[in-house]
Each structure stands twice: as C-alpha cells, then as structure tokens.
Amino acid sequence: MSKTTQIKEEVTIKFAGDSGDGMQLTGTLFTNDTALTGSDLATFPDFPAEIRAPQGTLAGVSGFQLHFGSKKIFTPGDEFDVLVAMNAAALKANLGRIKKNGTIIANTDGFDKKNLRLSKYPDGEHPLENDSLDGYEVYQMPITKMTRECLKDSGLGTKEQDRGKNMFVLGFLYWRYNRSLDSTIQYLEGKFSKKPKILEANLKVLKAGYHYGETTETFTTKYKVKAAPMEKGTYRSIMGNQALVMGLVTASKKAGLPLFYGSYPITPASDVLHGLAAYKNFGVKTFQAEDEIAAVAAAVGASYGGNLAITGTSGPGLALKGEAIGLAMILEIPMVIVNVQRGGPSTGLPTKTEQSDLLQAMYGRNGESPLPIIAPNSPADCFEVAIEACRLTLQHMTPVVLLSDGYIANGAEPWKFPKAADIPEIEVNFVPARDGNEAEPFLPYKRDERHVRGWAIPGTKGLAHRIGGLEKEANTGNVSYDPANHEYMTKIRQAKVDAIADYIPAQEISIGPDEGEVLVLGWGSTYGVIQAITHELLAEGHSVAHAHIRYLNPFPKNLEAVLISYNKVIIPEINNGQLCKLIRDKYMIEVIPYNKIQGVPISNAELKHFVKGILEQAAVPV
Amino acid sequence: MDNSEPATRNPYFMSQLPGGGTVKLKAKDFASDQDVRWCPGCGDYSILKQVQSVLAELEADKDNTVFISGIGCSSRFPYYMNTYGMHSIHGRAPAVATGLKLANPELDVWIITGDGDGFSIGGNHMIHALRRNLDVNILLFNNQIYGLTKGQYSPTSEVNKKTKSTPFGSLDHPINPLALAMGADATYIARSMDRDPKHLKQMLKRSHAHKGTALLEIYQNCNIFNDGAFFTFTEKASKPETTLYLEHGQPLIFGPEKNKGIRLDGFKPTVVDLTEGTYTQDDLWIHDEHDQMKGQMLTRFFDDPRTTEDYLPRPFGVIYAEERPCYDDLLFKQLKAAKEQVGEGDLDAMIAGGTTWEIN
Ligand SMILES: Cc1ncc(C[n+]2csc(CCOP(=O)(O)OP(=O)(O)O)c2C)c(N)n1
Ligand code: SF4
Ligand SMILES: [Mg+2]
Chain A
1 MSKTTQIKEE VTIKFAGDSG DGMQLTGTLF TNDTALTGSD LATFPDFPAE
51 IRAPQGTLAG VSGFQLHFGS KKIFTPGDEF DVLVAMNAAA LKANLGRIKK
101 NGTIIANTDG FDKKNLRLSK YPDGEHPLEN DSLDGYEVYQ MPITKMTREC
151 LKDSGLGTKE QDRGKNMFVL GFLYWRYNRS LDSTIQYLEG KFSKKPKILE
201 ANLKVLKAGY HYGETTETFT TKYKVKAAPM EKGTYRSIMG NQALVMGLVT
251 ASKKAGLPLF YGSYPITPAS DVLHGLAAYK NFGVKTFQAE DEIAAVAAAV
301 GASYGGNLAI TGTSGPGLAL KGEAIGLAMI LEIPMVIVNV QRGGPSTGLP
351 TKTEQSDLLQ AMYGRNGESP LPIIAPNSPA DCFEVAIEAC RLTLQHMTPV
401 VLLSDGYIAN GAEPWKFPKA ADIPEIEVNF VPARDGNEAE PFLPYKRDER
451 HVRGWAIPGT KGLAHRIGGL EKEANTGNVS YDPANHEYMT KIRQAKVDAI
501 ADYIPAQEIS IGPDEGEVLV LGWGSTYGVI QAITHELLAE GHSVAHAHIR
551 YLNPFPKNLE AVLISYNKVI IPEINNGQLC KLIRDKYMIE VIPYNKIQGV
601 PISNAELKHF VKGILEQAAV PV
Chain B
1 MDNSEPATRN PYFMSQLPGG GTVKLKAKDF ASDQDVRWCP GCGDYSILKQ
51 VQSVLAELEA DKDNTVFISG IGCSSRFPYY MNTYGMHSIH GRAPAVATGL
101 KLANPELDVW IITGDGDGFS IGGNHMIHAL RRNLDVNILL FNNQIYGLTK
151 GQYSPTSEVN KKTKSTPFGS LDHPINPLAL AMGADATYIA RSMDRDPKHL
201 KQMLKRSHAH KGTALLEIYQ NCNIFNDGAF FTFTEKASKP ETTLYLEHGQ
251 PLIFGPEKNK GIRLDGFKPT VVDLTEGTYT QDDLWIHDEH DQMKGQMLTR
301 FFDDPRTTED YLPRPFGVIY AEERPCYDDL LFKQLKAAKE QVGEGDLDAM
351 IAGGTTWEIN
C-alpha cells in the first residue's frame, strides 16, 4: 500500500510512561529534532515527585508534552493529538486530555494483568480490548517484545534491552512525522562514544522503530509540519533554568565580577546549581551549602567581598533565607535571590508549578524590608531577566528577587540567541581607596541622587569600617537607636527601591489596542497562554489586550495609566490572587482574578472561556 | 592564587597598590572610635584588648583584616575594631565568612561567636565550617550563658542551671564544644581564658598562624548573668589543681608544685603523684598536638572539679593541630584546573550551546 503525507499546521504529542521508561529523554530528543525543522514549539515536562515511584502505578507516570507547529506556538497545548502510552497507567492518567479522534500509540506489553491491576482497572476490564477507546485511532504495538527481538543477539540482558524501548517509539515517530534520524544518531554517538555495545543497540532499535512505521501496512499516513514564520536568525532550543544559568554567567562577565552562587539542592531550582557548577572555567564559584540559610549567608559574605553574589532556591528555601535577605537589605549590598517557584505551602507539590511566592518575595521578611522583584515570562526570557536582575542589584545596591517557576524552569522553546558583544556592559563602581588626606571622612552610608550608597569592599585601603544588621546612623553607618533616624532610614531604603522605577522601561501592551474593554494582565509563566487567547479573541473581533509585568516591584511608572485605559482588568494567576492584591493595594483599582491552583499551567480553553464571558457581559447593553 | 577571573575592576586592592607597604600600627590603632558597651567587668574586655595587641604585634594590615560576628554580647566585637567588620545575624557568621573568604581569599578573616551563637542556633554552620577547613580563625567566647538576652541557660551551661527560663533547673546535657569540633574533623582546636592574658595572647597568635579553620575556645566570665562560671579554672586558689597547660612535646604536668601528671594506663588517663616515688616524668603522657586520637581524649578531660571527686584537670593550650588542604585553596585550584582543561569560558560558545539552526 502506498503511503501518503498529510500537512498539519500544529500537533501536540504527549509521551507518557513509567518514570523509568525514559519519556523525558524521548520527548527532549524529539523536541530538539522538531526545533531543527524550524517549527515553533513549546514543551511541558510533568514528572512525579518520587524519583522511582512504584512501577506501573498511576503515581509513577512521567510525561512530556510537546506542542509544535508551522505557526507561532505559545503554550504546550491543552489537549494532545497523539498520546504515547507505554503502559496502562500512562493511558489512564492521560485519557481525559486526548483530543476527539486523537491517536493513541499503546505499548501492548505494558497492559498485562499486573499493569492493569496496578493502574487500578477493575478486574476483567482491559481498555485496549473493550470499547472504551472508541472514537480514537488506536495503534497497538508490542514495543517491548519488538525491542527484545531486535536485541536478542546484542549480548545485553533483558533489563538492558528493555531500556531501549523508548528508542523504538522515537524511531516510529520520526517516521510518522517525516523526519530523519540524524540528530538523534548524533546525540547517541556522543553520549555512548565509550560504550559501543550500548550505542549499537540504541541505533538498532531506533532504526527498527522507523522501519516498523515504513513497512507495517496499518500505517498509511505520514504527517509533516512545516517551519513556522520566525524572525530571521540563528536559533537554539532552550530551557528556563538553562537560560537563567547562562544569563547569570553573562552578567558576571559583563560586570567584570566573579560570580558566586550559594545554594542548597531543591526542586525545581537544583538545575541552576548544576548548570553553574559546570561553568567553573568562567570563574564561577558554586558553593553547595549545608542549608539555605548558609547558602544565602555565604552569598552575603561574597557580596561584601565584592563578588556578584547569587543565591538560588525554591519556596521553602526562600522562607529559610528570609532573615539573611533582610540583613543584605539593611546592609544595602547587591545580591540576586533566585526563586524557582513550586506548589506550596510547606513541601507542597515539589514537582508542580505555581506562582504563589509573589507575596513572600514582597513581604516575607521581618521589619520594613522592600525589595525589587522581577520575573521572566518564558524559558528564553530567563536569560534577559537574569542579566537585568544583576544590573539592578549592582547599580542600586539592594538585593533583588527573581521569580521563575517550575513550568518556565523545565519548559523549552526555540530561542534566537543574542551575540555576547551586543549585550551591554554592567557598570560597577567600587568606592576608591583613600590615603587619609581627603577633606571629608569616608561615609559608608552616604547616598547619591538615586539614594544608592557606595560599595566599599574589604581589602580597600583606607576604607576600614563596620557594618551590620543593627539600625545605622545615616551617612556614618554607626549603630544608632535614635527614633527619628530609624524612621528616616526606613523611608530612604524604601525610596531607594521606589526610585528604581526611573531606571526600568515603561509597561508595554504586548498585543491589542492601547485602550478598550478588557486588559488581561499577567506576570511570569502565564505569558504564553494569555498571548494565545488574546490573539484568538482579537481575531474574533473582541476589544481585548494583553500586558505582562516583568517588574513586579517597583511597578513601571505608567502601569496605572495602562490599567485605567480599559474598562476591565483580568488577572490570571497560578495562585489565589497575589498580583491582584498588589494591584488593588497600590492603585485601588478593581480587578477580576482568574485563579488556577492545581499545580499545572492555565489552559487555553479555560482562560479563553473566562475572558470571553467577561467580554460578552460587557457587550450586553444595559 | 588565581583570584583574578573574571578580572575584578577594583583597582584598589591592597596588593595592587604601588609599594603596598603599611605603617606599623599600635594596639590602640586597632580600636575603633565607638564606645565599648559591654558591662563593666565583662570578660570580653580582656579578649578585645589581647586581640588588638596581637594584631599590632603581628603587624596586621587593618584594611585587609575582617571580623565577622553573629549576634550576642560577644558578637558586638567587630564594632570595636578599627578593621573591616560585619555584625551579621544570629549563628550565621561562619557562613558569611565562608562566602567572604571565597570572594577574596587574601583577606585575614576572623569569626567571633558565642556559645549560643556558635553552638546553638549556629551549630550546623560551625560543624560544616570546621570540616571544610577554610583558612579562617574562630574565636568562641564561651560564658555558658546567653548574655545579650539577659541570662537564659545556653547549650554549654551545666545541667540543673537555674536561670529565668529554667527556674527549676535546666534539664539538657551540655555540649562539649571542642569534642564536637573534633567530631567535625576540625584541623585545629585550642582553649584559653579571659583571665590569663599572656596565655590568651599566645593562643591568639598560634591560632592565627594555623593554616585552616582554627577554633579557639575562650572561657569568658559574664559577671552579670553567670559570674564565676569558670573561676575554678581561672582563679589562683584553685587553678593549679584544676588546669593543665599543654605544650607540644612536653609531659602533661600540673599541680601547685608541678607535682602531678597524667599517665596513660592503657587507654585510661589517670592522675599520678610525682612526689610519691612510683612515677617520674618519664612515665607521663607526652603532648603531641598532631595526634588526633589523643586530641580526642584531651577534649574529654571535661570534668567539673567542683562536683567530681577524681576529676581530670581541664586542658588549656593547643589540643590538636593538623595540616589539611583548605577549601578556599581547593576551590581556586579547581577554577584554574577547569580553565586549563576546557579553556577560558567563551560567552558566545556557551550561549549557542551544541545544536543551532538558521531561519532565513
Ligand atoms: C534569630 C534570632 N533569634 C534570637 C535572637 C536573640 N538572641 C540574641 S543573642 C542570643 C544569645 C546569645 O548568646 P551567646 O551567643 O552565648 O552570646 P553572649 O551574649 O553570651 O555573648 C539570642 C538568643 C536573635 N537575635 N536572633
Ligand atoms: S551581659 Fe555578661 S557577657 Fe554580656 S556584656 Fe554583660 S557581662 Fe558581658
Ligand atoms: Mg554566651
């Protein structure tokens, strides 16, 4: 039978299996290859909290979602066109989100009695054998058996053979989407260059999967997704934590300061530590401390010593760091605190995403302790935001909080990356040495017109002075319990943070009219979904715009003017309404929250439905 | 040491000043212009004075010397020193100092802590600082009480201590700081007291000379909330019977007439009378600072002479000292090695990563 090729504008694939099935790798490799074809894409890995949850159970299902297309892609997609289910649990956990008439590729070897029992199908019920999958296009493939068959002469044990089954799936999908195997072959050759037997086995299974598609008669159609219209340039695929790491290293070079990173492992921030630790040849000093308190305290010490000091963590770690961040705040030394947010409170949902630390970043310290807060809106945006956080901290002598989240951290997208030479330098001025003949004494807490004090670091001649967490006398920095001085210092530290508004860009409207019925206002990882629905609603003729806040404290100076240009402001957040609180408090403007607190991103459909509802309310004449 | 990459733009590091020479300073030059606010009679005064005089004798460069403290009466110390200093937060001084030393390993870094600061809230950081062995000095002001918060018992207080927070007596067994330090594989531990300035000075110099984390425990009298806690070791009448001054290579001898010694009976240290005729100096334990096993044992000379009949005397001096690579040196070596292995970091190469594609 001849095979036909169908052109598709966009496709969403979900790879799902046991956490030991290698679905993250399969998804990543397919994503990398997709990027090479020039399609736009967005990904969403979704893993269980346990490293190896009990095999075959629903709790152990690990997933990787990829949405790609020949048009601009904003999100990883609500529902999938294709589900790869390596076992019964993977099918059960994802069935609800397959599109009508969608495709299911099921590894029949993952549907034996034991699998069915572990995934809690009632006795005697077999989803591949009853009518439960009617309406879907189901391909049943004995992937484990075929992999073993393929490797029977490889000399590998069954366990090792079975590890190859994800390569079979990958090969099959490469056939189905008209791809070549080159990028993956290259990857495997690099990875197993010292293990020729494993390399050979992987290549063999990969090709077997491909040929299986080609030769098996049931598969009559191949699909092709063309390149998306993207800006000219050189691209790579990038994940959020990766971009963050590279942004920090770049800032260190641009500021001419060694980077010091103090951290204690925590999901989903650990990859920032891992990433930076690999860049020792850039002079990056990573310090894995005994806890988060030590990590931030060491960063305080490193900053005092003149390094670009960063400390990174997730919500629970930020809670521990609070007191030392307050110290850095009152010392008025530079430091970036990276918080890759996850579901909270307490240990919460470690592997799930949430935006629920905005108020902690804003208020989570004792005393009057305002800090600038800045948030990236996508994986690639982490690069620029990391540099910007470093610029703010170094030029305004205040700790800065950078709020990423699990969705951004582990999501991937194509990135038209900049040239290092095009990234501006970050100016750093240490207080110069003194020889004692100056007319004025050295005043460590003397301020410039931005209320910023100088950075005087130990080892500088003639500047020996003492600083600390006790309230300081203005200018001298000596300990002071004077009531009026405390009020003055409290206000001036606030004024220093507020003044940053003069040094950041104005709030822009990302898309839509400058005034109108509804403004959808977001921050952080909701960017993609808000963009997507705003595009659609605009196309449908609605009066709607999208603005996304990067600078959460202080807000851009024109934000109020932007907000009052619309009749209604909707704020979608993956929390219980934290930005809403800040906006209401600051501007006394009524806003409409849209909150999802399920550890997952907001979907297109639900947000569009909600915003449309508000737009239609407005349209009803009174 | 390669501390220069990426090149720091501060052209004012001491080492980079032409000549780099310093004027010889006196002890009083190390005193800041701030009024010292400890209670009159507090043991902290003596320690402050000895540190200032030791720095003068060492011809220390005040612009290259940093005191980092936590919180407590003792932790006010940096404010009184005319050097760089940071009064940080409760218990965290070792961590702050770690970051500072890793930022600039050329600095002479001193950590000032109390028994509460260093062994209660900051116990964890203390353990890890000791095992990492950065080249810093730790001065532990042990007064067996929380001074600043007005007299609650501390983790080094004896059992059944009656304080405001323990009117019926404290229940918890005290920490033995130096034994804990040995457990953390400290490379240097020593003990001294506020009331023996000469010995204290000697110990400050020795500790400063140690390459690695040097923990010096100083018995300090808090005359307001725990007056006399160490008098049995510090006052003339009892001192000769209760204290054992250690010297490397010398036998363990103490007593008013140098009439007693410590002899190892198998693994059991026992006090022997040297005047009786049974034992001579040749039978005694000879102090070897580099012997870790014996160092452990010496930290266990921890009896309270006031309540124990056959007590062992309390050792003062350098109990243990070893050379072990310092974390700061290792880090800079690793940075250098990484550069040699994979070459100087190139931003463009990093940003582009492995696989790229063109959109035309
Ligand atoms: C986080 C925090 N908890 C509690 C305190 C209160 N506090 C300050 S000093 C101190 C105890 C100090 O004892 P120690 O370290 O022995 O110092 P000393 O005053 O005896 O020299 C306490 C509990 C504090 N400052 N910070
Ligand atoms: S309370 Fe005790 S330790 Fe504190 S200053 Fe007074 S005497 Fe010294
Ligand atoms: Mg104390």
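For the record, the sequence lines run as chains A and B.
Heads up: the first sequence at position 65 corresponds to 65 in the numbering used here, and the numbers run straight through without jumps.
Heads up: the second sequence at position 268 corresponds to 268 in the numbering used here, and the numbers run straight through without jumps.
Cβ coordinates follow ideal geometry from the N, Cα and C atoms, glycine included.
On a predicted model such as this, the values are computed, not experimentally measured, just so you know.
Within its chain, find whatever has a CB closer than 6 Å to the CB of residue i; leave out the 5 residues flanking it on each side and keep chain order.
| i | result |
| --- | --- |
| residue 2 of chain B | Below a pLDDT of 50, predicted positions are generally treated as unreliable, and residue 2 of chain B, at 41, falls in that range; no measurement from the model is reported. |
| residue 226 of chain A | 70 |
| residue 43 of chain B | 194, 220 and 221 |
| residue 306 of chain A | 457 |
| residue 13 of chain B | Low confidence applies here, because residue 13 of chain B scores a pLDDT of 44, under 50, leaving its location unreliable; read the following figure in that light. Once the five neighbours on either side are set aside, residue 13 of chain B has no close Cβ partner at all. |
| residue 559 of chain A | 507 |
| residue 571 of chain A | 521, 579, 580, 591 and 593 |
| residue 569 of chain A | 519, 521, 563 and 591 |
| residue 22 of chain A | 166 |
| residue 266 of chain A | 313, 314 and 317 |
Per DSSP, residue i is paired with what?
| i | result |
| --- | --- |
| residue 603 of chain A | None; residue 603 of chain A has no bridge partner. |
| residue 144 of chain B | None, per the DSSP bridge assignment. |
| residue 335 of chain A | A/399 |
| residue 68 of chain A | A/11 and A/41 |
| residue 548 of chain A | A/522 |
| residue 279 of chain A | Partner(s): none; residue 279 of chain A has no beta bridge. |
| residue 631 of chain A | Nothing can be reported for residue 631 of chain A: it is not among the residues displayed for chain A, which extend from 1 to 622. |
| residue 211 of chain B | In the DSSP output, where bridge partners are listed per residue, residue 211 of chain B has none listed. |
| residue 340 of chain A | A/404 |
| residue 259 of chain A | A/308 |
| residue 430 of chain A | A/455 |
Can you list, in chain order, the residues of its chain with a C-beta nearer than 8 Å to that of residue i? Leave out the 5 residues immediately preceding and following it.
| i | result |
| --- | --- |
| residue 423 of chain A | 250, 254 and 387 |
| residue 283 of chain A | 252, 258 and 259 |
| residue 18 of chain B | Model confidence at residue 18 of chain B stands at a pLDDT of 41, short of 50, so the residue's coordinates are unreliable; what they give is reported in the following sentence. Hits under 8 Å: none found. |
| residue 7 of chain B | Residue confidence for residue 7 of chain B is low, a pLDDT of 38 falling below 50, so the modelled location carries little weight; the figure read from the coordinates is stated next. Closer than 8 Å at Cβ, skipping near neighbours: no residue. |
| residue 29 of chain A | 170, 183, 184 and 187 |
| residue 557 of chain A | 501, 502 and 506 |
| residue 469 of chain A | 326, 327, 330 and 331 |
Since I believe residue j is in contact with residue i (beta carbons under 8 Å), could you give me their beta-carbon distance rounded to a whole number of angstroms?
| i | j | result |
| --- | --- | --- |
| residue 141 of chain A | residue 115 of chain A | Contact flag wrong, Cβ pair sits at about 15 Å. |
| residue 400 of chain A | residue 371 of chain A | 7 Å |
| residue 192 of chain B | residue 174 of chain B | In fact, because the Cβ distance is near 19 Å, the residues do not count as touching under 8 Å. |
| residue 327 of chain A | residue 88 of chain B | 6 Å |
| residue 298 of chain A | residue 262 of chain A | 4 Å |
| residue 444 of chain A | residue 453 of chain A | 7 Å |
| residue 169 of chain B | residue 161 of chain B | 7 Å |
| residue 603 of chain A | residue 548 of chain A | Their Cβ separation, rounded to whole angstroms, is 18 Å, which puts residue 603 of chain A and residue 548 of chain A out of contact at 8 Å. |
When the distance is taken between beta carbons, is residue j closer than 8 Å to residue i?
| i | j | result |
| --- | --- | --- |
| residue 205 of chain B | residue 323 of chain B | no |
| residue 138 of chain A | residue 68 of chain A | no |
| residue 230 of chain B | residue 223 of chain B | no |
| residue 224 of chain A | residue 359 of chain B | no |
| residue 320 of chain A | residue 292 of chain A | yes |
| residue 512 of chain A | residue 526 of chain A | no |
| residue 183 of chain B | residue 114 of chain B | no |
| residue 467 of chain A | residue 308 of chain A | no |
| residue 398 of chain A | residue 496 of chain A | yes |
| residue 133 of chain A | residue 102 of chain A | no |
| residue 524 of chain A | residue 545 of chain A | no |
| residue 411 of chain A | residue 44 of chain A | yes |
Tell me which residues share the same chain as residue i and place their Cβ nearer than 7 Å to its Cβ, disregarding the 5 neighbours each side in the sequence.
| i | result |
| --- | --- |
| residue 20 of chain A | 52 and 55 |
| residue 551 of chain A | 374 and 504 |
*In the stretch 37-120 of chain B, which residue ranges form an unbroken alpha helix (DSSP H) of at least 4 residues, counting only runs that do not cross its ends?*
44-57 and 93-103
_Runs of 4 residues minimum, wholly inside the stretch 94-119 of chain A: which ones carry the alpha helix (DSSP H) assignment?_
113-118
*List in chain order: all unbroken beta strand (DSSP E) runs of 3+ residues lying wholly within the stretch 253-335 of chain B.*
260-265, 268-273 and 314-321
_Which runs of the alpha helix (DSSP H) at least 4 residues long sit entirely within the stretch 127-172 of chain B? Give them in chain order._
Within the stretch 127-172 of chain B, no run of alpha helix (DSSP H) at least 4 residues long lies entirely inside it.
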